[in-house]
Amino acid sequence: MNADSPTNPPTEGGCHAQWGRGPAGHGTLAILLGTLLLLVGLRIWLTARIAFAPGQETESATLVFLRTLDAYTGWAALLILSLVGCHAQRGRGPGRHASRVRNALIPLSLLAGILALTASIFLSDVVTRSQLEIALAFWLALCGLFLIIRQLVALAAHFSTGLNIEQLWRLIAAQWILVWLAAEIFLRIKLRGEGVTANESARNILFLLPTACVLPNILMALGIRWWIALRPATPPQPAPHVRAWLLAMLLLNLGAVLLMIPLPWLGIPGAALMIAATLLYLAGFRRPGLWTTLAWTSFILALLLLAGQRLMQLHDTPIRNVYSAAWRYLLTDGLLLTWLLSRGLHHLRTHLAPNLQMRTLTRLIAFLLILGILTTLLTLLAAISHSDALPYLLYGTIPEAAALLLATAVTLRTTHLLRHSKIEN
Numbered sequence: 024m025n026a027d028s029p030t031n032p033p034t035e036g037g038c039h040a041q042w043g044r045g046p047a048g049h050g051t052l053a054i055l056l057g058t059l060l061l062l063v064g065l066r067i068w069l070t071a072r073i074a075f076a077p078g079q080e081t082e083s084a085t086l087v088f089l090r091t092l093d094a095y096t097g098w099a100a101l102l103i104l105s106l107v108g109c110h111a112q113r114g115r116g117p118g119r120h121a122s123r124v125r126n127a128l129i130p131l132s133l134l135a136g137i138l139a140l141t142a143s144i145f146l147s148d149v150v151t152r153s154q155l156e157i158a159l160a161f162w163l164a165l166c167g168l169f170l171i172i173r174q175l176v177a178l179a180a181h182f183s184t185g186l187n188i189e190q191l192w193r194l195i196a197a198q199w200i201l202v203w204l205a206a207e208i209f210l211r212i213k214l215r216g217e218g219v220t221a222n223e224s225a226r227n228i229l230f231l232l233p234t235a236c237v238l239p240n241i242l243m244a245l246g247i248r249w250w251i252a253l254r255p256a257t258p259p260q261p262a263p264h265v266r267a268w269l270l271a272m273l274l275l276n277l278g279a280v281l282l283m284i285p286l287p288w289l290g291i292p293g294a295a296l297m298i299a300a301t302l303l304y305l306a307g308f309r310r311p312g313l314w315t316t317l318a319w320t321s322f323i324l325a326l327l328l329l330a331g332q333r334l335m336q337l338h339d340t341p342i343r344n345v346y347s348a349a350w351r352y353l354l355t356d357g358l359l360l361t362w363l364l365s366r367g368l369h370h371l372r373t374h375l376a377p378n379l380q381m382r383t384l385t386r387l388i389a390f391l392l393i394l395g396i397l398t399t400l401l402t403l404l405a406a407i408s409h410s411d412a413l414p415y416l417l418y419g420t421i422p423e424a425a426a427l428l429l430a431t432a433v434t435l436r437t438t439h440l441l442r443h444s445k446i447e448n
């Protein structure tokens, strides 16, 4: 590995380092935004059930359904990784058309899976739902394998000269994806009679693999890639601390392995190692930026709460469902949405002139998103001792939805500006 060179030039193997510019990249970004809007729409529906039809039975059922929404995180992670996509060939002819079709194949396949996942939520028959989940596991594996092959093809040219830290990190993320896909197929088939939902151990494995193992590796790798590709050349920026990133990569994945071992006492040092890795990762940027720091603070808080749960398991202390829902929320919506906000703001400030950066809108988006995340988190924590606090979950979801709607509008506007102007670098 070439540890002293954090990145290669912005392109590799025909793939662009930034947000997958070009028709395929814009389409993938649109599918990602649509997925997030669908997710928050379902969350509004579920939290409204608590707010307007309060009752112990409704609250318990809603928390179970909210746990089901966590399955979207893995699909969103694959969509984000697929944004490191290839340009369609320039010019005209069958070669250009075939290239555009290949670029669109993964995001469109993931979109089909996401729509089927949404349909599975509304199925009441356990057998039918289990069969659909098995089919979805195979479909997810097909999409994931195709994506991994494309990543390996892009990295193949660098194997002889050595991979830099970002490329090595993506390679490790690809291996975690393989583990996750294998677990999805094996556990879905093994538990096809009762369903994964009825088995706590299997449910935790299929939650932690995409959210605590796959997603952080993808976000950290692409965070480095896009930060270096997008950072301005002037004024001179401080050189990143590459060795801190290398140590962070090692500690993150060692901690993730310990976290996945079904022994509560190993989960505590596992979470501690992952927290140390996150702090080292931020230190590697030297100046990570406010929103990047906030995104990974959500991850750290989730790990602290998870370590607390493992400690309670060691002492056989009863654990409330709302406590688990709090750290699950931080690992999914909290990390994912705040990280995407940080990347979006970085992209705007780099590619658009100051008078076109829509500062008022972006500040409003940031305010609404943080307000929604904090309200949801505090509501879940308050509900540990006061169950009548659960109806206030709706008041956290509404600002989140408003932030995503505004973010979608800003993204569409930015895409239009970059397509029809010469502002692009």
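Throughout the sequence shown, residue numbering follows the numbering used here, covering 24 to 448 in sequence. Glycine included, each C-beta is placed from N, C-alpha and C at the ideal position.
Whole-Å CB distance - residue i paired with residue j, under 8 angstroms assumed
i, j, result
"T437", "L371", "6 angstroms"
"V97", "W203", "Rather than Val, the amino acid found at residue 97 in this sequence is Gly. Sure, about 7 angstroms apart at Cβ, within 8 angstroms."
"L289", "L296", "Not quite, the Cβ-Cβ distance comes to about 11 angstroms (not below 8 angstroms), so this is no contact."
"E217", "A164", "That pair is no contact at about 22 angstroms."
"L1", "A271", "Past the boundaries of the shown model lies residue 1; the chain is included only from 24 to 448, so the question cannot be answered."
"T234", "T355", "6 angstroms"
"L359", "A99", "6 angstroms"
"I291", "R343", "The pair is not a contact, with the Cβ atoms about 19 angstroms apart (cut-off 8 angstroms)."
Reference residue i, options the options, closest by Cα
i, options, result
"E156", "G331, L62, K213", "K213"
"E189", "L134, H264, G64, L229", "H264"
"T237", "G167, T399, L428", "For the sequence presented, residue 237 should be read as Val rather than Thr. If we check each option's Cα against that of V237, G167 comes out closest."
"S347", "I144, R309, P261, L231", "L231"
"I171", "N276, W268, S365, L101", "L101"
"L401", "F390, L416, P285", "L416"
"S132", "F182, F75, T51, V107", "T51"
"Y95", "A160, V149, S147", "A160"
"L456", "L65, T398, Q380", "The structure shown has nothing for residue 456, since the chain only spans 24 to 448."
"P414", "W68, L55, H49", "W68"
"P341", "V433, I407, I247, L178", "I407"
"L61", "A127, I144, S105, S83", "I144"
Which of helix, strand or coil DSSP assigns to residue i
i, result
"H181", "coil"
"L214", "coil"
"H264", "coil"
"V63", "helix"
"L401", "helix"
"H370", "helix"
"A40", "Because the pLDDT of A40 is 41, which lies under 50, any placement of that residue in the model is unreliable, and the question is left without a value."
"G312", "coil"
"M243", "helix"
"A71", "helix"
"M381", "coil"
"N344", "helix"
"N31", "Note that N31 scores a pLDDT of 48, beneath 50, so its modelled location is shaky; the value from the coordinates is reported in the next line. It is coil, neither helix nor strand."
"L363", "helix"
"G114", "Caution is warranted here: a pLDDT of 44 is assigned to G114, below 50, making its placement in the model unreliable, and the coordinate value is therefore given only provisionally. If DSSP states are grouped into helix, strand and coil, G114 belongs with coil."
"N276", "helix"
"S147", "coil"
"A76", "coil"
"L186", "coil"
"I421", "helix"
"P46", "Bear in mind that a pLDDT of 47 at P46, under 50, signals an unreliable position, so the number given afterwards is only what the model happens to contain. Correct three-state label for P46: helix."
"H439", "helix"
"L394", "helix"
"L375", "coil"
"D356", "helix"
"I284", "coil"
Where the alpha helix (DSSP H) through residue i begins and ends
i, result
"A295", "287-307"
"N227", "223-231"
"S410", "Taken as a continuous stretch (DSSP letters only), S410 belongs to no alpha helix (DSSP H), as it is neither H nor E."
"G97", "95-105"
C-beta contact flag for residue i and residue j at 9 angstroms
i, j, result
"I505", "T85", "This structure cannot settle anything about residue 505, because the visible part of the chain is limited to 24 through 448."
"G293", "A325", "no"
"R215", "Q174", "no"
"L363", "S321", "no"
"R193", "I129", "no"
"T58", "L89", "no"
"V63", "E423", "yes"
"L392", "A426", "yes"
"I228", "L210", "yes"
"G419", "I396", "yes"
"L387", "L429", "yes"
"L375", "L440", "yes"
"A196", "A244", "yes"
"L134", "I54", "yes"
"P239", "L191", "no"
"L403", "V345", "yes"
Beta carbon proximity, residue i to chain B, threshold 9 angstroms
i, result
"T437", "Going by chain labels, chain B is absent from the structure shown, which holds only one protein chain."
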